[in-house]
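Chemist: So the sequence shown is numbered by the working numbering: it starts at 6 and just counts up by one. Cβ atoms here follow ideal geometry from the backbone N, Cα and C, with glycine treated the same way. Nothing here was measured: the structure is a model prediction, and the numbers come from that model.
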Amino acid sequence: MATYMYEGQTKDKTRSAVIDALGGVFFLDEAYSLVKRGKMRYGPEALDDVMYLMDDENNMVTIMAGYINDMEDLTETNGGLGRRVKVIKLQPYTDEEISDIIKVKLFNRLFFYRRREGVR
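Below you can see the structure in the form of structure tokens.
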């Protein structure tokens, strides 16, 4: 979802993105950036429209992701949002978990590269 430089465009573009997600998942990464001071002039307009469309009747899961302190600020700036969302704090990966992820990704790349090139 993006905000736009002309007033009036944000609401239509936001509504279109949310409607596309109906019956599924609407994922909004770095959601806090919508209300950061000086960052996005039309962000609050987009957030208001997302909240309006988050109604249970719309059969959509909305996930807003971001850094915990910034997300807490987001829910405090809009009381309605704080009542509509459940905050789930995820723990950062451990060094061992990151190492395992890298190993799996490297193995998969090597495996698929060799397979594509016909190397055995």
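Within the same chain, show all residues whose beta-carbon is closer than 7 Å to that of residue 50, passing over the 5 residues directly before and after it, in chain order.
Modeler: The residues are 15 and 16.
Chemist: Identify the continuous alpha helix (DSSP H) that holds residue 33 and give its terminal residues.
Modeler: Per DSSP, residue 33 belongs to no alpha helix (DSSP H); it is in the beta strand (DSSP E), 30-34.
Chemist: Mapping the DSSP letters down to three states, classify residue 15 as helix, strand or coil.
Modeler: The answer is helix: DSSP assigns residue 15 an H, G or I state.
Chemist: Between 58, 91, 107 and 79, which lies nearest to residue 126 when the distance is taken from Cα to Cα?
Modeler: For the chain, the structure presents residues 6 to 125; residue 126 sits outside this window and is missing.
Chemist: What number of angstroms, rounded off, separates the C-alpha of residue 33 from the C-alpha of residue 113?
Modeler: Their backbone Cα atoms lie some 28 Å apart in a straight line.
Chemist: Report the CB separation of residue 88 from residue 59 in whole angstroms; it is logged as a contact under 8 Å.
Modeler: Contact doesn't hold; Cβ gap of about 11 Å is too wide.
Chemist: According to DSSP, is residue 27 part of a helix, a strand, or is it coil?
Modeler: Coil, per DSSP.
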